[in-house]
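Remember, the numbering used here sits 252 above the position in the sequence shown when you count from 1.
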Amino acid sequence: KGADQGADQGAGKGPGKGDGGRGPGRGKAAAAGAGSGPPKKKKSKKKRRLQRALWAMLALGVIGFFMMVIAYSRIDIPEPNEVSQQQTSRVFFAGNDIEIGRFGDINRTIVGLDKMPQSLRDAVLAAENRSFYSDNGVSPKGMTRAFWNNLRGGSTQGGSTITQQYVKNTYLSTERSFQRKLKEALLSIKIDREKSKDQILEDYLNTIYLGRGAYGVQAAAKAYWNKDIQNITPAEGVALAAIIQRPSAYDPSEADGKTRLEARWSYVAESMVQTGALTPEARAALKFPKFPKQARSQSRYGGQRGYILTAIRKELQDRGLTPDDIENGGYRIITTLDEDAQQSALDAVAKEFPKTLNKGLRTGLVAVEPKTGKVLAMYGGPDFLAKSRYAQVNTATYPIQAGSTIKVFTTAALLEEGYSLTSTFQGNSPLTLPGSKPVNNEFNRDYGTVTLRKALEQSINTAFVQATYKIGSQKVRQAMVRAGIPNNTPGLNNNALITLGIASTPAMDVAGAIATMCGGGIQAEPHLVDRVLLPNGGEVPIRKAVVTPKPVFDPEVVAGTLEAMQDVVKFGTGTRAKALNRPVAGKTGTHEDLTAWFSGCTPQLAASVVYFKGDGTKSLDGSAGMSTFFGGTFPAQTWTTFMKGALKGKPVEQFPDFKGVKDPSATPSKDPYDTIGNVDGVDPGSGIPPGGPGPIFPTFDPGPTTVPVPTPKPSPTPSAGPTSSGTPGPTASPTSTGPPNPGEDN
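In structure tokens form, the structure reads like this:
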């Protein structure tokens with residue numbers, strides 16, 4: 253109390269009373285009181301504040317601990333983000349080891365840890381997380397540093413374990429915040445408890461980015477050394493481990509990048525000595541690896557790859573896979589394409605395609621294995637990425653008129669209806685149809701009365717239109733569909749002109765239908781995909797290509813059709829194919845002057861070749877200096893050259909013996925409407941009313957079955973045509989007068 257009073261008086265608060273009195277002594281006391289009282293109070297306050305702070309921190313710690321426990325218990329491992337799971341689907345030739353191309357934007361191929369060399373794993377652990385196999389998924393030191401830096405307002409820092417890096421890449425966004433870092437830690441701890449260390453390491457090494465567009469170590473090994481990951485050297489494994497830290501900064505194709513990579517590589521190698529993964533002697537022997545000069549990046553769709561990949565993508569979707577499955581499933585897509593046959597297609601086109609006067613000219617080729625439907629070769633154009641209007645249109649799958657090729661199936665239909673190869677028809681020109689332009693033979697030539705065999709051999713339009721009237725065009729249509737021409741093909745109508753190939757049939761379908769004949773009547777859906785495999789080797793279920801269990805044509809019908817097709821090659825419009833020096837059945841096709849075909853087969857292989865200009869609406873005449881561009885010229889020569897290469901080393905096989913089909917005289921059709929006078933009027937889409945007048949044939953003097961062929965005038969530029977050993981180049985034929993009429997065809 254005295255001290256307080258003295259303090260009051262010393263402070264000038266007026267005279268004191270009682271024990272406080274006046275005098276010098278009291279002044280000293282006051283001074284003493286003023287110096288000793290307050291410090292005790294200040295010291296006490298500091299102590300209390302410190303205690304309160306400690307208790308607060310303890311409380312916060314306890315609360316934080318319980319919150320962490322609650323958060324940990326409630327947090328679920330989310331689904332991996334889409335990008336981390338995407339991997340390249342790769343397309344291979346039938347042998348399953350030569351890659352054709354790839355689908356997907358993410359270059360990643362997932363492999364098992366057992367495929368990754370131990371030296372690579374040791375290098376990664378030495379570089380990124382030495383305590384990986386002993387920690388609980390997080391780095392307390394790294395987390396503390398990140399927390400402190402965040403409190404100071406700095407950027408979020410790393411110091412992450414391999415588990416944390418894996419979590420960040422696989423489950424979280426790229427956001428940089430303390431909250432994301434906290435979530436990363438919780439997920440890392442949880443994943444560390446739920447997954448084995450080996451599984452985490454495997455997943456990590458399959459997800460990390462390693463430069464050159466490569467995600468995961470398998471894609472990186474391919475990108476840097478064109479090797480599978482199991483075949484890399486220890487030095488190369490150290491290089492991959494070094495690149496993980498900063499892929500863009502360690503690009504060995506750049507001088508500065510290579511210098512930085514060498515320094516980082518040395519650091520990782522020394523770290524491996526420290527971890528015991530390398531002995532000092534082994535480290536001394538380890539040399540910085542060589543990096544082959546980076547090949548110029550090839551476009552995924554350049555050249556033939558674009559045509560093949562787009563056709564395969566469409567087929568896979570038709571057979572049950574989604575676009576996302578195809579792009580990102582990491583599938584191994586095994587095609588039916590034979591590498592040698594495909595090269596033969598490229599070589600044949602390169603050799604036989606006209607070198608001059610070829611502006612706008614295009615060709616397509618498809619080869620199909622009879623009885624299986626496997627497409628062994630496909631040529632869709634010179635370059636999918638070329639700067640031309642139709643560059644990305646696949647000529648092998650482009651729907652276009654097949655012309656007289658379809659007479660093959662009319663022949664089969666006639667044989668089924670009881671006609672024989674010696675049955676006769678009128679072959680003079682023109683054949684006048686009510687309400688339609690006349691049907692002409694090529695050059696309006698008269699043939700007189702001809703057998704079915706001769707009509708196919710010389711591709712006589714009027715004889716085949718008459719024959720179609722006799723049996724009804726629906727019979728021809730049915731034969732085409734059974735052989736493999738899709739039922740919904742544009743222009744595949746019940747019309748007498750169906751026999752002249754007016755429907756839009758792609759080379760793929762025509763080759764498949766020809767293969768039906770060459771395969772004993774077994775109709776097999778042409779297909780490019782043999783099977784689809786998962787990354788782990790399991791097979792992906794897709795719709796199987798349709799193959800009929802039984803022949804769709806009687807064996808004698810098949811044998812008779814093939815017999816007539818062989819005469820086309822021996823004596824008729826397809827003689828260029830004789831140069832194959834094997835049994836060959838074939839048929840030329842020319843729709844007016846717009847398309848030119850050759851389709852044919854041996855017992856082992858069927859193929860179709862088509863030539864046309866632009867979108868198929870421009871005349872071929874004049875191309876390569878030829879006044880008339882026939883299927884028996886460049887198409888037949890291209891076909892022959894292809895088949896020589898594709899069948900090289902294959903045994904020579906024979907077609908089935910032909911014993912004749914029923915009675916040589918034409919057996920009447922069972923069709924109640926089968927009369928010449930009916931003019932096929934019962935057929936929907938014929939354009940001719942029921943009961944209308946019949947076709948009008950020109951009168952002619954009965955003479956020999958065949959009329960001598962006039963000698964064609966030589967082309968002004970005969971050297972432009974294709975040539976082959978023992979086969980003369982094409983010569984120009986007389987040009988027909990007037991505009992082209994329906995089915996002017998050969």
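From the three backbone atoms N, C-alpha and C, an ideal C-beta is built for every residue, glycine too. All figures in this text were calculated on a predicted structure; none of them were measured in a lab.
Residue 617 and residue 859 do touch by the CB rule: their CB atoms are close to 7 Å apart, below 8 Å. Every beta strand (DSSP E) stretch that sits fully inside the segment 649-699 and reaches 3 residues is listed by chain position as 676-678. Taking 8 Å as the upper bound for CB-CB distance, residue 777 and residue 723 are not in contact here, some 27 Å apart. Secondary structure note for residue 423: its alpha helix (DSSP H) is the uninterrupted segment 414-423. The DSSP-derived three-state label of residue 710 is coil. Rounded to whole angstroms, the separation of the alpha carbons of residue 755 and residue 725 is 13 Å. In this structure, DSSP gives residue 300 a helical state, which the three-state scheme calls helix. Relative to the Cα of residue 752, the nearest Cα in the group 572, 693, 788 and 741 belongs to 693. Taking 9 Å as the cut-off, the Cβ atoms of residue 683 and residue 703 do not count as close.
Excluding sequence positions up to five before and after residue 628, its CB lies within less than 6 Å of the CB of 590, 593, 619 and 621, all in the same chain and listed in chain order. Checking the DSSP bridge columns, you'll see residue 545 has no partner listed. Annotation for residue 586: no alpha helix (DSSP H) segment contains it, though the beta strand (DSSP E) segment containing it runs 584-587.
If you check the CB distance, residue 373 and residue 459 do not come in under 9 Å. Under the DSSP assignment, residue 863 falls in the beta strand (DSSP E) whose first and last residues are 858-865. Within the DSSP bridge table, the entry for residue 339 names 581 as partners.
In the three-state reduction of the DSSP assignment, residue 750 falls in the helix class, which pools H, G and I. Here residue 524 carries a helix assignment [DSSP, helix/strand/coil].
The residue from 612, 526 and 651 with its alpha-carbon nearest to that of residue 638 is 612. In this structure the segment 793-803 does not lie against the segment 861-875, because fewer than three pairs of beta carbons, one per stretch, are closer than 8 Å.
When the Cα atoms are used, residue 535 and residue 789 turn out to be separated by approximately 37 Å. By the neighbour-count definition (other C-beta atoms within 10 Å, threshold 16), residue 420 is a buried residue. A distance below 6 Å between beta-carbons, with the five flanking residues on each side excluded, links residue 385 to the following residues of its chain, in chain order: 449. Fully contained in the segment 876-908 are the following alpha helix (DSSP H) runs of length 4 or more, in chain order: 886-898. Residues of the same chain with a CB within less than 6 Å of the CB of residue 626, apart from the 5 flanking positions on each side, are 588 in chain order.
When 866, 496, 436 and 446 are compared, the shortest CA-CA separation from residue 469 is found for 496. With a cutoff of 9 Å on beta-carbon distance, residue 655 and residue 848 are scored as near each other.
Assigned with DSSP and collapsed to three states, residue 869 falls in coil, not helix or strand. The continuous beta strand (DSSP E) containing residue 837 extends over residues 837-843. In the three-state scheme derived from DSSP, where H, G and I count as helix and E and B as strand, residue 378 is classed as helix. If you look at residue 351, you'll find it in the beta strand (DSSP E) that goes 351-355. A straight line joining the alpha-carbon of residue 876 with that of residue 841 spans about 18 Å. According to the DSSP assignment, residue 492 belongs to no beta strand (DSSP E) but to the alpha helix (DSSP H) extending over 486-495. Each residue's CA atom was taken as its position, placing residue 909 and residue 813 some 11 Å apart.
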